[in-house]
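Take a look at the structure set out below.
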Amino acid sequence: MHREFSQIGRDLFHQGLNSSHSGNMSIRLGDRLVITRRGSMLGRLKESDLIETGLDKNDSHITLASTEIGVHRSIYKNTSALAIVHAHPVYATALSLVDEEIIPIDSEGQYMLHKIPILSFEHTVGSEEVARVLPEYLKEYKVVMIRGHGSFATGQLIEEAYQWTSSLENISKIIYLTRTLQGDIKEKKSEKYGQW
Amino acid sequence: MNGWTGKILRINLSDSTISVEKPDQESYLHFLGGRGLGAEYLWKEVGPEVKPLSQENKLIFMTGPLTGTKVPTSGRFSVTSKSPLTGTILDSNSGGLWGARLKKAGYDGLIIEGKAEKPVYIVINDKEAHIKEAGWLWGKNVPETTEMIVSREGNGYSVACIGPAGENLVKISGIMNDQSRALGRGGLGAVMGSKNLKAIALRGSLPVKAADEDKLNFVLYETNKWIKANPITSQGLPEFGTPVLVNLFNESGIFPSYNFQESQFEDADSISGETITEKIFVKKSGCYGCPVQCSRVTRTKAEEGEGPEYESLWALGPQCGISDLEVIAEANYLCNRLGLDTISTGVTIGCAMEMAENNMVDLGLKFGDASLLKGLVEDIAYRQGIGDDLAEGSKSFAAKYGGEQYAMQVKGLELPAYDPRGVQGMGLGFATSNRGGCHLRAYMVGPEILGVPKMVDRFSTSGKAGLTIFYQNINAAMDSLIICRFIGLAVSEEYFARLLTAVTGHQYQPQDLHVIGERIWNLERLYNLREGFTQLDDTLPERLLKEPIKKGPSGGHVVNLSPMLTDYYRFRGWDSQGVPVSRKLTELGLEVK
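Residue numbers (this note's numbering), protein chains in the order written: chain A, 1 to 196; chain B, 197 to 789.
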């Protein structure tokens, strides 16, 4: 388990999807979950950075768990997810500040994700409101953006949740770069994905 | 002035004079309030010739600039005095409502001096103060005293008082306020008892205003966001109280048991925060203006009370090899009623148990025997039988019977619930603490176990001197504002400085708080040096320095104190004997002859 967490944590950091101490990951183990330690560096995860606690019930390990544990728990309790990656992808976060949703304009993004909703909340970190609202969207979408904060992606495995996070950032980079080019996009397949 | 009232009430019990004085603004700006201002007063007014239980010693009750404001956990107040247990400078702070009411009565502080001829209590109601006869209260326990005073004086009063332990000059007695909050450590109860002062009842209705309400509201909004987001302050402590730490620290091998012979306790789970919540929890309770609400009301088969907190649970439990949760809780209630420091009580009893098992005293005590615990607590409070010796604290008790090595104390103050062999920085914090074996001066388990603000290698000595100094300084400032240590688990001094600025209207930066904290720390050090303490007192019980932990996650470790201490003195700007050099004192604005 540590190997999987540490490898994906390292990749998230090296890909620029998280800053040194941001982001968190978890997996569900029945009525328990394992989540990264609050303040841990995902790029350098040690075994002691993986904190196991209850899905419903707190225990003493709650004192070490990620600040976002409430959101992770809510996602597990309301979706079929078995793994969650929360990241702070730079381009996607920038787009979340100016757009209503992220619609891929590249082919792979359209195949994979079709559309990424953007949600707004007053409190974005460790927020009860996020915990209440976000799972509804993750029932339908693989990855969702919190405006100005970051992404939550789910999967059966951490690798899968990582994949959606990585795809989201690629999609966002392409959108950003094409906007800076200021040329006409020749194919506008993306328009229909707004209805996804 | 905003934040401060600018007034200190001084009551002399020898001649019954009551006066109001106004400290100069420089004192407020340099020492803030609470522990800092208390240290300045004690330095000036209680010299080395004063015996702690003589009428020349003083009790200095202080609020801070944030006390009584909207800032979370700001209901706190502190009491400074010369400790009868340690002979060091002593301050202890407490939550509840009493502190906020002192501020709302119109005073930043209250200095008690002299000694009443007969038992008295003090009543303060919106600036008016009276000394009243307390013969009818003498001998009563804490809840009885509190209820009798409220019944006579009227509703809306907060009461700080001593129980029988303080009356009997027990050196491990505390002052209790609002029934079950404690200024527990170092024997403040005995100092109050030595003055024939049973209680201080307060009622206050004056507003505590902030200089910039808008700014305060904004910083509070940002502060509360983090308190709510952080799982320690929003889930762990509110749900399980401070005993949430039991299982965590036991798993880490830093949860001492059997008088620090072991660093884990085999029955930890039977007394954990989770088990307390499941078996004896009744409801949460908490202090003035606190969103965390870490205290809890509990109920055993026989009675109901508050606690036990993490330290009390440990001291009356694993420290004595006891795992019966109901007995521990009831011993805790009893300590609260009688006005005893739960930590020192449990550690002193654990010391006696080990000495008895080694045939050094013939007391019929043994580890794990819960049947004698409550009786021993009573004996200590009333100085009955062997309780008379135990009432002097573990250092004195162990010395009397030739077992100094069994007293788990620093400078005479009993150690709390952390085995520093598994947390090296905590060891340095204990050894250098100005009031003796105290966890709150540096609280190095923050970075060493809880990862606040970042996780460091708990077994390494590297870098620990600098970190310990950092936390000792900032915590001294927090104890002067005064806010609870737990808020520091959610937000940093950046927030404290902004809160202080908004409340007082004086511009404070985070660095200012570090400098103020360093000033307080150095003044306390000077006080202890003036009392005759030396660098030889900056040490730990031999067991922690020489006996490696036998097994478990911290197995094989002792505290490697010497290199950390050398760094510590140097980083502090002290000489190799641990004496602050004049350049450092000048830098801090401490003009000391």
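Heads up, the beta-carbon is just placed ideally off N, CA and C, and yes, glycines get one too. Computed from a prediction, not measured in an experiment: that's the story for all the values here.
Presumed contact (8 Å Cβ cut-off) between residue i and residue j, rounded CB distance
i, j, result
"P759 of chain B", "T657 of chain B", "6 Å"
"C680 of chain B", "C486 of chain B", "7 Å"
"S19 of chain A", "H88 of chain A", "6 Å"
"G621 of chain B", "L663 of chain B", "6 Å"
"R37 of chain A", "G647 of chain B", "6 Å"
"T282 of chain B", "G632 of chain B", "5 Å"
"T154 of chain A", "A83 of chain A", "7 Å"
"L233 of chain B", "G302 of chain B", "No, L233 of chain B and G302 of chain B are not in contact; Cβ-Cβ is about 16 Å, not under 8 Å."
"G39 of chain A", "K424 of chain B", "So it is not a contact: roughly 17 Å between Cβ atoms."
"N532 of chain B", "G501 of chain B", "7 Å"
"T473 of chain B", "E499 of chain B", "The pair is not a contact, with the Cβ atoms about 19 Å apart (cut-off 8 Å)."
"S481 of chain B", "R492 of chain B", "6 Å"
"A356 of chain B", "I371 of chain B", "6 Å"
"Y506 of chain B", "A613 of chain B", "6 Å"
8 Å Cβ cut-off: residues of chain A touching residue i
i, result
"G352 of chain B", "Those do not exist, as G352 of chain B stays about 35 Å from chain A at its closest Cβ, beyond 8 Å."
"G647 of chain B", "R37, R38, G39, S40 and L64"
Run of the alpha helix (DSSP H) containing residue i, from where it starts to where it stops
i, result
"E160 of chain A", "I158 to L181"
"L757 of chain B", "L757 to R768"
"H226 of chain B", "Q221 to F227"
"R84 of chain A", "As written in the sequence, residue 84 of chain A is Ile, which differs from the Arg given in the question. Where I84 of chain A is concerned, there is no enclosing alpha helix (DSSP H), although the beta strand (DSSP E) it sits in stretches over A83 to A87."
"I524 of chain B", "L521 to L534"
"F273 of chain B", "Run containing F273 of chain B: none in the alpha helix (DSSP H); it sits in the beta strand (DSSP E), F273 to K278."
"K240 of chain B", "G230 to E241"
"G583 of chain B", "G583 to L586"
"I214 of chain B", "Counting along the chain, I214 of chain B falls outside any alpha helix (DSSP H), though it belongs to the beta strand (DSSP E) covering T213 to E217."
"G621 of chain B", "Q620 to T628"
CA-to-CA distance, residue j to residue i, given in whole angstroms
i, j, result
"Y597 of chain B", "Y723 of chain B", "31 Å"
"K336 of chain B", "A131 of chain A", "51 Å"
"L333 of chain B", "Y764 of chain B", "48 Å"
"M674 of chain B", "Y417 of chain B", "20 Å"
"I185 of chain A", "L113 of chain A", "20 Å"
"A686 of chain B", "M197 of chain B", "29 Å"
"W510 of chain B", "Q156 of chain A", "42 Å"
"V488 of chain B", "V641 of chain B", "20 Å"
"D59 of chain A", "S453 of chain B", "22 Å"
"L695 of chain B", "G564 of chain B", "47 Å"
"L732 of chain B", "I476 of chain B", "44 Å"
"L29 of chain A", "V98 of chain A", "38 Å"
"F692 of chain B", "L433 of chain B", "21 Å"
"E217 of chain B", "G305 of chain B", "10 Å"
"N528 of chain B", "P504 of chain B", "6 Å"
"N426 of chain B", "L249 of chain B", "44 Å"
"P104 of chain A", "F152 of chain A", "17 Å"
"I62 of chain A", "Y141 of chain A", "28 Å"
"Q7 of chain A", "G229 of chain B", "50 Å"
"I308 of chain B", "P439 of chain B", "35 Å"
"E236 of chain B", "A312 of chain B", "25 Å"
Chain-ordered neighbours of residue i on chain A, where CB pairs are closer than 7 Å
i, result
"S468 of chain B", "S60"
"K650 of chain B", "G39"
Residue i: contacting residues in chain A (beta-carbon distance under 9 Å)
i, result
"P504 of chain B", "Those within 9 Å of P504 of chain B in chain A number zero; the least Cβ separation is about 16 Å."
Segment limits, beta strand (DSSP E) that includes residue i
i, result
"D287 of chain B", "I285 to S290"
"Y317 of chain B", "V316 to N321"
"G23 of chain A", "Taken as a continuous stretch (DSSP letters only), G23 of chain A belongs to no beta strand (DSSP E), as it is neither H nor E."
"S117 of chain A", "Note that residue 117 of chain A is Pro in the sequence shown here, rather than Ser. It spans I116 to L119 - the beta strand (DSSP E) in which P117 of chain A sits, taken as one unbroken run."
"C357 of chain B", "S354 to C357"
"N373 of chain B", "I371 to N373"
"K497 of chain B", "Element bounds for K497 of chain B: n/a, residue is neither H nor E."
"F152 of chain A", "G150 to G155"
Listed by chain order, chain B residues near residue i by CB distance under 8 Å
i, result
"H123 of chain A", "K421, K424 and A425"
Proximal chain B residues relative to residue i, where beta-carbon distance stays under 7 Å
i, result
"G148 of chain A", "The premise fails here: G148 of chain A is roughly 14 Å from chain B at the closest Cβ pair, so nothing lies under 7 Å."
Contact list for residue i against chain D, beta-carbon separation under 9 Å
i, result
"I69 of chain A", "In the structure shown, chain D does not exist; the protein chains are A and B."
For this session: Name, going along the chain, the residues of the segment 419-443 of chain B whose beta-carbon falls closer than 9 Å to a beta-carbon of chain A.
Result: If the cut-off is 9 Å between Cβ atoms, the segment 419-443 of chain B has K421, W422, K424, A425, N426, P427, I428, S430, Q431, G432, L433, E435, F436, P439, V440, L441, V442 and N443 near chain A.
Exercise. Going along the chain, which residues of the segment 31-54 of chain A sit with their C-beta nearer than 7 Å to a C-beta in chain B?
Worked result: Here the close residues are R37, R38 and G39.
Exercise. Going along the segment 76-102 of chain A in order, which residues come within less than 9 Å of chain B, judged by CB to CB distance?
Worked result: Going along the segment 76-102 of chain A in chain order, one finds no residue with a Cβ nearer than 9 Å to chain B.
Problem set entry | Chain-ordered residues of the segment 477-500 of chain B with a beta carbon less than 9 Å from chain A | Within the segment 477-500 of chain B, no residue places its CB atom closer than 9 Å to a CB of chain A.
Problem set entry | Under 9 Å (Cβ pairs) to chain B, residues found in the segment 126-140 of chain A | Flagged, chain order: G126, S127 and E128.
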